[in-house]
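Q: One structure, pasted below without further comment.
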Amino acid sequence: MNSVPESAWTVPAWTGTAAALPAVATDPDPVAALPSDSLLHLAFLDRAAETPDAVAVVAADRTLTYAELANESARLAGLLAARGLGCEALVAVVMEKGWEQVVACLGVLRAGAAYVPVDPQWPARRLADVLGAAGITEALTQPNLVETVAWPEGVAATAVAAPAADLSAGPAPAAPAVDIAPGDLAYVIYTSGSTGMPKGVMIEHGPAVNTVRDVNRELGCAPEDRVLALSALNFDLSVYDLFGPLSAGGAVVLPAPGDAREPGAWLRLATAAGVTLWNSVPALMAMFTEYVRTAPPAPLPPLRAVLMSGDWIPVGLPGEIRELFPEARQWSLGGATEASIWSIWHPITPADAELASIPYGRSMSGQHVYVGDGMMRPRPCWVPGEILIAGVGLARGYLGDAERTARSFVTDPATSARRYRTGDWGRLLPSGEIEFLGREDMQVKVGGHRIELGDVEAALLACPGVRGAVADVRGGRHRTRLTAQVLLEPGAGHSAEDVRALLAERVPSYLVPTSVTVRDEFPLTPNGKVDRKALAALAARTDEAAAEHVVEHPADADEELLLGIWRGFFTDPAPRPGQDVAGGAGDVATDRPADGAGHRPPPSSCGTHLSVTDNFFELGGDSLRAVRLMSVLRRETGVELPVSALFGAPTVRTLARRLREARETATRDGFDRPVVVPVRTTGDAVPLVFAHPVGGDVLCYSELARELGADQPFYALQSPDHDGRAPGFAELVTHYAQAVLDEVPGRRYRLGGWSMGAVLALELARELTARGCVVDLVAAVDVLETPQDLARAEISRDRLLGWLARDLAGLTGGVRPVPPGPFETLEELYEAVRGAGILPADIAPAEFASLYGRFEANAQALCGYRPGGPLTGTAVHFLQAEAGGGPAAAEGWRPLCAGGFTLTEVPGDHYTVLKGPGARTVATHLRALLTTPTPA
Numbered sequence: 001m002n003s004v005p006e007s008a009w010t011v012p013a014w015t016g017t018a019a020a021l022p023a024v025a026t027d028p029d030p031v032a033a034l035p036s037d038s039l040l041h042l043a044f045l046d047r048a049a050e051t052p053d054a055v056a057v058v059a060a061d062r063t064l065t066y067a068e069l070a071n072e073s074a075r076l077a078g079l080l081a082a083r084g085l086g087c088e089a090l091v092a093v094v095m096e097k098g099w100e101q102v103v104a105c106l107g108v109l110r111a112g113a114a115y116v117p118v119d120p121q122w123p124a125r126r127l128a129d130v131l132g133a134a135g136i137t138e139a140l141t142q143p144n145l146v147e148t149v150a151w152p153e154g155v156a157a158t159a160v161a162a163p164a165a166d167l168s169a170g171p172a173p174a175a176p177a178v179d180i181a182p183g184d185l186a187y188v189i190y191t192s193g194s195t196g197m198p199k200g201v202m203i204e205h206g207p208a209v210n211t212v213r214d215v216n217r218e219l220g221c222a223p224e225d226r227v228l229a230l231s232a233l234n235f236d237l238s239v240y241d242l243f244g245p246l247s248a249g250g251a252v253v254l255p256a257p258g259d260a261r262e263p264g265a266w267l268r269l270a271t272a273a274g275v276t277l278w279n280s281v282p283a284l285m286a287m288f289t290e291y292v293r294t295a296p297p298a299p300l301p302p303l304r305a306v307l308m309s310g311d312w313i314p315v316g317l318p319g320e321i322r323e324l325f326p327e328a329r330q331w332s333l334g335g336a337t338e339a340s341i342w343s344i345w346h347p348i349t350p351a352d353a354e355l356a357s358i359p360y361g362r363s364m365s366g367q368h369v370y371v372g373d374g375m376m377r378p379r380p381c382w383v384p385g386e387i388l389i390a391g392v393g394l395a396r397g398y399l400g401d402a403e404r405t406a407r408s409f410v411t412d413p414a415t416s417a418r419r420y421r422t423g424d425w426g427r428l429l430p431s432g433e434i435e436f437l438g439r440e441d442m443q444v445k446v447g448g449h450r451i452e453l454g455d456v457e458a459a460l461l462a463c464p465g466v467r468g469a470v471a472d473v474r475g476g477r478h479r480t481r482l483t484a485q486v487l488l489e490p491g492a493g494h495s496a497e498d499v500r501a502l503l504a505e506r507v508p509s510y511l512v513p514t515s516v517t518v519r520d521e522f523p524l525t526p527n528g529k530v531d532r533k534a535l536a537a538l539a540a541r542t543d544e545a546a547a548e549h550v551v552e553h554p555a556d557a558d559e560e561l562l563l564g565i566w567r568g569f570f571t572d573p574a575p576r577p578g579q580d581v582a583g584g585a586g587d588v589a590t591d592r593p594a595d596g597a598g599h600r601p602p603p604s605s606c607g608t609h610l611s612v613t614d615n616f617f618e619l620g621g622d623s624l625r626a627v628r629l630m631s632v633l634r635r636e637t638g639v640e641l642p643v644s645a646l647f648g649a650p651t652v653r654t655l656a657r658r659l660r661e662a663r664e665t666a667t668r669d670g671f672d673r674p675v676v677v678p679v680r681t682t683g684d685a686v687p688l689v690f691a692h693p694v695g696g697d698v699l700c701y702s703e704l705a706r707e708l709g710a711d712q713p714f715y716a717l718q719s720p721d722h723d724g725r726a727p728g729f730a731e732l733v734t735h736y737a738q739a740v741l742d743e744v745p746g747r748r749y750r751l752g753g754w755s756m757g758a759v760l761a762l763e764l765a766r767e768l769t770a771r772g773c774v775v776d777l778v779a780a781v782d783v784l785e786t787p788q789d790l791a792r793a794e795i796s797r798d799r800l801l802g803w804l805a806r807d808l809a810g811l812t813g814g815v816r817p818v819p820p821g822p823f824e825t826l827e828e829l830y831e832a833v834r835g836a837g838i839l840p841a842d843i844a845p846a847e848f849a850s851l852y853g854r855f856e857a858n859a860q861a862l863c864g865y866r867p868g869g870p871l872t873g874t875a876v877h878f879l880q881a882e883a884g885g886g887p888a889a890a891e892g893w894r895p896l897c898a899g900g901f902t903l904t905e906v907p908g909d910h911y912t913v914l915k916g917p918g919a920r921t922v923a924t925h926l927r928a929l930l931t932t933p934t935p936a
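Encoded structure:
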């Protein structure tokens with residue numbers, strides 16, 4: 001007899017109590033009870049009417065307001081309606097990351113149809129299979145993909161492009177009048193299927209809106225919020241990325257298509273755009289935190305909320321996020337694509353770091369997630385069972401597959417209510433939360449993708465010459481990689497790489513195993529089935545034998561260095577605290593428990609057998625290790641390669657070649673550090689380029705760039721490392737001018753700078769004008785010296801050390817006083833500023849020496865500056881701090897400003913003029929200057 005109380009048999013809803021659950025869990029048609037305004041695009045239209053000029057979309061090449069997005073989606077909806085595509089029609093969206101995706105999805109929904117997101121990188125056969133099975137005849141794409149995608153016969157591809165200027169200036173188009181209900185189809189997302197054919201999950205408007213509204217309520221999503229949309233459109237996290245912020249008046253921030261694996265690019269974009277909400281699989285957040293922790297100090301985005309789902313969360317990851325973003329609340333979410341993104345969530349707290357795994361959580365509003373037995377009856381606490389989902393979030397089913405729908409979406413005979421069988425295994429905790437235990441079937445998670453091993457096997461069997469196939473995953477929960485073993489037809493003659501190439505023609509890249517082993521036969525069980533356990537043991541022995549492969553040794557110092565780094569990565573280094581302790585939150589487990597006690601085999605050790613031709617990813621490398629590898633490489637060589645370089649050069653030999661190329665490119669003109677820092681690349685305004693102060697870094701401009709807003713492109717010029725040289729002022733200006741021409745779009749610029757940066761901007765305007773560019777404005781922020789002062793300046797070691805001490809203390813905002821001097825050596829100054837709490841304790845002497853080297857070189861260049869005569873054609877606006885340089889310093893430059901001179905005093909001193917209220921005041925004045933019409 002079971003003594004567990006009845007209350008332990010149900011999971012209390014997030015916003016209610018256990019007593020409120022039966023009405024949700026037993027309703028045979030919960031969608032019918034939803035309000036009529038439960039349409040995925042309707043809240044966006046309300047926000048567009050309320051705030052038409054607010055920014056809705058920030059993309060790499062375009063920023064759209066709510067009015068522009070509403071107009072362009074209405075125009076597209078009218079086009080689709082004219083082609084007869086209305087209620088329940090399916091329209092494919094085959095696009096790379098970009099603003100066009102948002103226009104396309106909204107346009108399809110406003111026409112009454114449903115969008116079907118498709119990855120343009122899918123192989124032609126996969127694309128044809130999906131579009132054919134869905135009966136799709138209309139696809140929306142981008143202009144660059146119209147001719148490059150292999151469109152199946154019978155599918156018309158229409159490019160979504162920015163309207164011509166004369167068209168966009170006309171009256172706003174009216175979307176077609178369509179009667180849409182919450183029970184109508186909104187989108188179809190394809191996931192991996194066990195038969196080799198992906199499953200099309202059909203989601204209606206009402207269920208999707210229920211999830212979006214619930215999350216927005218919990219997060220308090222507001223017009224100030226911006227979401228970094230990292231997830232691919234054909235991954236259901238993208239549904240919230242688009243409709244979460246747009247429903248609340250916020251903005252969607254889209255990375256460039258090539259930045260999908262570049263955490264450095266995410267950091268720059270998120271900071272420039274003011275991203276407040278993060279939504280991704282844990283692996284992407286782990287990449288991001290790893291990059292931020294190991295990269296040079298840089299401004300951080302104002303994150304206030306972090307959502308992680310879709311995979312296990314390492315229990316140490318939330319702590320790392322908390323260290324970087326202490327104000328950000330964190331959530332673990334889970335569920336399934338078949339239940340409208342998410343159905344269960346858990347607010348992560350510091351106490352969760354002491355648990356074996358992050359709890360799966362409690363049901364979201366209108367949904368019911370519970371652990372059931374084989375008859376779908378709730379299990380008592382601590383008793384494992386299958387996780388089932390009921391309530392308003394359930395999908396309609398699988399498109400065109402009634403049999404599979406009937407297997408996965410079952411009806412409770414007692415209530416006639418539908419249940420979705422997730423295939424996930426869990427147990428109820430006394431707290432009312434569910435603990436996620438893994439899966440018992442052949443579904444796995446690899447690299448954030450939900451994969452049916454049967455899908456991989458079926459695709460392999462469809463390859464010519466393959467007569468048998470078994471797919472599996474190897475590695476621990478956070479180091480999973482997909483592998484396969486195959487049997488070939490007699491005379492096929494395929495190598496393992498041939499099989500991978502054949503498979504790559506049929507399935508997306510994430511379904512192609514990192515390694516394929518060709519077997520003569522598979523071991524069988526007594527009843528004649530493939531013995532998967534014996535085959536796994538055989539694979540392990542094959543791995544051991546492979547460790548005895550011929551090792552090719554390094555040919556030069558770069559290869560030797562890289563191989564040494566790789567040995568540290570692939571010889572089972574001790575993980576960071578919590579990194580390999582499994583946590584759970586997501587719609588599917590990364591791997592299956594090895595046994596009832598949760599024991600797992602140790603990762604393989606191969607460091608001593610590494611060859612310069614071994615592939616990083618085939619050795620078990622993943623995106624997070626790639627970030628760490630590039631961080632170590634940057635520290636060891638001073639050269640920063642993008643993470644994507646490793647995907648194109650995955651061996652020691654090829655990566656060493658890339659390293660040499662990068663080094664040669666960086667040093668061909670004697671400068672080791674790139675000059676242009678793209679702080680914000682979005683917006684249609686004339687780019688604003690600010691030059692560095694005497695310290696050489698440009699973090700001082702982060703608040704100003706943010707205050708200027710997302711529609712103002714902002715670039716900063718940082719001081720390069722000079723390799724021991726002291727370039728003159730004119731040489732710096734020439735170098736910077738070329739860097740601007742090479743890396744800042746257009747031939748029209750507006751320049752600025754603080755302190756020494758203002759002087760650089762004045763001469764840079766002269767140089768760029770001489771090269772045929774238009775520079776109509778220079779903003780000079782708080783210059784301290786007149787040209788005459790600079791001509792009389794005397795440079796000495798002790799004076800430079802004193803200036804640096806003053807600057808470092810000033811940058812603390814006056815909190816720390818200037819240490820008493822004089823200082824005779826750099827070592828004395830280093831100890832003084834550390835002792836005074838001015839310099840962070842983790843700044844090593846070598847780093848401080850590098851900082852001083854840039855300061856000294858720039859100060860010498862500045863004091864050697866001699867004006868090149870009056871500057872014509874450019875208006876110069878001085879914004880002088882009242883307690884800083886003041887009016888007198890600016891007046892000394894008036895004779896050189898033949899194109900116009902203005903002077904405005906702003907509050908603050910030399911060091912606070914670009915911080916807090918000072919930055920807001922300067923930004924206000926700058927906006928007024930930048931919006932004043934000037935000749936083009």
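Using full-length UniProt numbering, the final residue of the sequence shown is 936, and nothing's skipped along the way.
Cβ atoms here follow ideal geometry from the backbone N, Cα and C, with glycine treated the same way.
#1: Would DSSP call L355 helix, strand or coil?
#2: Please list the terminal residues of the continuous beta strand (DSSP E) segment that includes F522.
#3: Does the region 859–872 come into contact with the region 701–718, if we say contact requires no fewer than three beta-carbon pairs (one atom in each stretch) closer than 8 angstroms?
#4: Does the distance from the C-beta atom of M376 to that of D424 stay below 8 angstroms?
#5: List the whole-angstrom C-beta distance separating A890 from D776, where the pair is believed to meet the contact cut-off of C-beta under 8 angstroms.
#6: Using only alpha-carbon positions, find the residue among C381, V686, L246, G84 that is nearest to A229.
#7: Would you call W382 buried or exposed, if buried means 16 or more other Cβ atoms sit within 10 Å of its Cβ?
#8: Looking at C-alpha atoms only, which residue of A761, A779, E618 is the closest neighbour of F901?
#9: Are A726 and A846 touching if we call contact CB-CB under 8 angstroms?
#10: So R519 and Q485 are supposed to be a Cβ contact under 8 angstroms. How far apart are they, rounded?
#11: Less than 7 angstroms between C-beta atoms, sequence neighbours within five positions excluded: which residues of the same chain meet that for P745?
#12: Cβ atoms of L461 and residue 938: under 8 angstroms apart, would you say?
#13: Can you give me the Cβ contacts of A791 inside the same chain, cut-off strictly under 8 angstroms, excluding the 5 residues immediately before and after it?
#14: Give the straight-line distance between the Cα atoms of S617 and R418, rounded to the nearest whole angstrom.
#15: Apart from the five residues on each side of it in sequence, which residues of its chain come closer than 7 angstroms, Cβ to Cβ, to L704?
#16: Which of helix, strand or coil does DSSP assign to V783?
#17: Would you report the Cα separation of L659 and E731, rounded to the nearest angstrom?
#18: When the Cβ atoms of the region 91–99 are set against those of the region 56–72, are three or more pairs found closer than 8 angstroms?
#19: For A849, which residues of its own chain have a beta-carbon under 7 angstroms away from its beta-carbon, when the five flanking residues on both sides are left out?
#20: In the DSSP assignment, find the unbroken alpha helix (DSSP H) run with S644 in it and report its ends.
#21: Grouping DSSP H, G and I as helix and E and B as strand, with all else coil, what is N615?
#22: For R75, count neighbouring Cβ atoms within 10 angstroms of its own Cβ and tell me buried if that reaches 16, exposed if not.
#23: Using three-state DSSP, classify S340 as helix, strand or coil.
#24: CB-CB under 6 angstroms to H494, same chain, minus the five flanking residues each way: which ones, in chain order?
#25: What ranges does the alpha helix (DSSP H) occupy inside the region 852–891, keeping only unbroken runs of at least 4 residues that lie completely in it?
#26: If you reduce the DSSP assignment to three classes, tell me which class D236 lands in.
#27: On the DSSP letters alone, give me the boundaries of the alpha helix (DSSP H) that M308 sits inside.
#28: Please classify Q121 as buried or exposed, where buried requires at least 16 other C-beta atoms within 10 Å of its C-beta.
#29: Quick one: which unbroken alpha helix (DSSP H) runs of 4-plus residues sit fully inside the region 417–504? Chain order, please.
#30: Assuming contact is defined by CB atoms lying nearer than 8 angstroms, are Y115 and A104 in contact in what I supplied?
#31: I need the straight-line Cα distance from L355 to W345, nearest angstrom please.
#32: Distance, Cα to Cα, G206 vs D259?
#33: Just the Cα atoms here: how many angstroms apart are P917 and Y736?
#34: If you reduce the DSSP assignment to three classes, tell me which class T651 lands in.
#35: For the pair the region 208–218 and the region 364–379, tell me if three or more CB-CB distances fall below 8 angstroms.
A: On the basis of the coordinates in this document:
#1: Along the sequence shown, read from residue 1 onward, the residue named residue 355 stands at position 355. Three-state result, L355: coil.
#2: Locating residue 522 in the sequence shown gives position 522, counting from the first residue. That residue, F522, is in no beta strand (DSSP E); it is neither H nor E in DSSP.
#3: Between the region 859–872 and the region 701–718 there are fewer than three C-beta pairs closer than 8 angstroms, too few to call the two in contact.
#4: Stepping through the sequence shown from its first residue, residue 376 is reached at position 376. Stepping through the sequence shown from its first residue, residue 424 is reached at position 424. Inclusion of M376 and D424 in the CB contact set at 8 angstroms is not warranted, their separation being larger than that value.
#5: By 1-based counting over the sequence shown, the position of residue 890 is 890. By 1-based counting over the sequence shown, the position of residue 776 is 776. Incorrect: roughly 19 angstroms between the Cβ atoms, too far for contact.
#6: The count along the sequence shown starts at 1 and reaches residue 229 at position 229. A229 has its Cα closest to that of L246, out of C381, V686, L246, G84.
#7: On the sequence shown, position 382 is the one that residue 382 refers to. W382 should be labelled exposed.
#8: Against the sequence shown, residue 901 aligns to sequence position 901. Nearest in C-alpha terms to F901, of all of A761, A779, E618, is A779.
#9: Taking the sequence shown and counting its residues from 1, the one referred to as residue 726 is at position 726. Taking the sequence shown and counting its residues from 1, the one referred to as residue 846 is at position 846. Going by C-beta atoms, A726 is not nearer than 8 angstroms to A846.
#10: For this step, residue 519 is matched to residue 519 along the sequence shown. For this step, residue 485 is matched to residue 485 along the sequence shown. The beta-carbon distance between R519 and Q485, rounded to whole angstroms, is 5 angstroms. This is short enough to meet the 8 angstroms contact definition.
#11: Sequence index remark: in the sequence shown, residue 745 carries index 745 (1-based). Cβ neighbours of P745 beyond the five flanking positions: P687.
#12: The structure shown does not extend to residue 938, since the chain is modelled only from 1 to 936, so the question has no answer here.
#13: By 1-based counting over the sequence shown, the position of residue 791 is 791. These residues qualify, in order along the chain: R866.
#14: The sequence position of residue 617 within the sequence shown is 617, counting from 1. The sequence position of residue 418 within the sequence shown is 418, counting from 1. Per the sequence presented here, residue 617 reads as Phe, with Ser not at that position. A straight-line Cα-Cα distance of about 42 angstroms links F617 and R418.
#15: By 1-based counting over the sequence shown, the position of residue 704 is 704. The beta carbon of L704 sits closer than 7 angstroms to the beta carbons of L914, A919, V922, A923 from its chain, once the five residues preceding and following it are set aside; these are given in chain order.
#16: Start at 1 with the first residue of the sequence shown, and residue 783 comes out as number 783. Coil at V783, not helix or strand.
#17: The count along the sequence shown starts at 1 and reaches residue 659 at position 659. The count along the sequence shown starts at 1 and reaches residue 731 at position 731. A straight-line Cα-Cα distance of about 27 angstroms links L659 and E731.
#18: Contact holds: three or more Cβ-Cβ distances are below 8 angstroms.
#19: Residue numbering aside, residue 849 sits at position 849 when the sequence shown is read from its first letter. Listed in chain order, the non-local C-beta contacts of A849 below 7 angstroms within the same chain comprise L826, local neighbours out to five positions each way being set aside.
#20: For the purposes of this step, residue 644 is taken as the residue at position 644 of the sequence shown. Here the alpha helix (DSSP H) through S644 covers 644–648.
#21: Mapped onto the sequence shown, residue 615 falls at position 615. The answer is coil: DSSP assigns N615 none of H, G, I, E or B.
#22: Residue 75 sits at position 75 when you count from the first residue of the sequence shown. Counting every other CB atom within 10 Å of its CB across the protein chains shown gives R75 a total of 16 or more, marking it as buried.
#23: Taking the first residue of the sequence shown as 1, we reach residue 340 at position 340. S340 carries a coil assignment under DSSP once its states are collapsed to helix, strand and coil.
#24: The residue given as residue 494 occupies position 494 in the sequence shown. Excluding positions up to five away in sequence, the list reads G465, L488.
#25: Unbroken alpha helix (DSSP H) runs of no fewer than 4 residues, entirely contained in the region 852–891, are found at 886–891, following chain order.
#26: Against the sequence shown, residue 236 aligns to sequence position 236. Three-state result, D236: coil.
#27: Looking up residue 308 in the sequence shown gives position 308. Annotation: M308 is outside any alpha helix (DSSP H); the continuous beta strand (DSSP E) that includes it extends over 305–309.
#28: Locating residue 121 in the sequence shown gives position 121, counting from the first residue. Its Cβ having fewer than 16 others within 10 Å, Q121 is exposed.
#29: Every unbroken stretch of the alpha helix (DSSP H) spanning 4 or more residues and falling wholly within the region 417–504 is given here in chain order: 453–461, 496–504.
#30: Taking the first residue of the sequence shown as 1, we reach residue 115 at position 115. Taking the first residue of the sequence shown as 1, we reach residue 104 at position 104. Y115 is a Cβ neighbour of A104, given a cutoff of 8 angstroms.
#31: Within the sequence shown, residue 355 is the residue found at index 355, counting from 1. Within the sequence shown, residue 345 is the residue found at index 345, counting from 1. For L355 and W345, the distance between alpha carbons rounds to 17 angstroms.
#32: As a first step, residue 206 is located in the sequence shown; it is residue number 206 there, counting from the start. As a first step, residue 259 is located in the sequence shown; it is residue number 259 there, counting from the start. Per the coordinates, the alpha-carbon of G206 lies some 33 angstroms from the alpha-carbon of D259.
#33: The residue labelled residue 917 in the question sits at position 917 within the sequence shown. The residue labelled residue 736 in the question sits at position 736 within the sequence shown. Looking at the two C-alpha atoms, the distance is approximately 30 angstroms.
#34: In the sequence shown, counting from the first residue as 1, residue 651 sits at position 651. Of the three classes helix, strand and coil, the one that applies to T651 here is coil, per DSSP.
#35: Touching, per the Cβ criterion.
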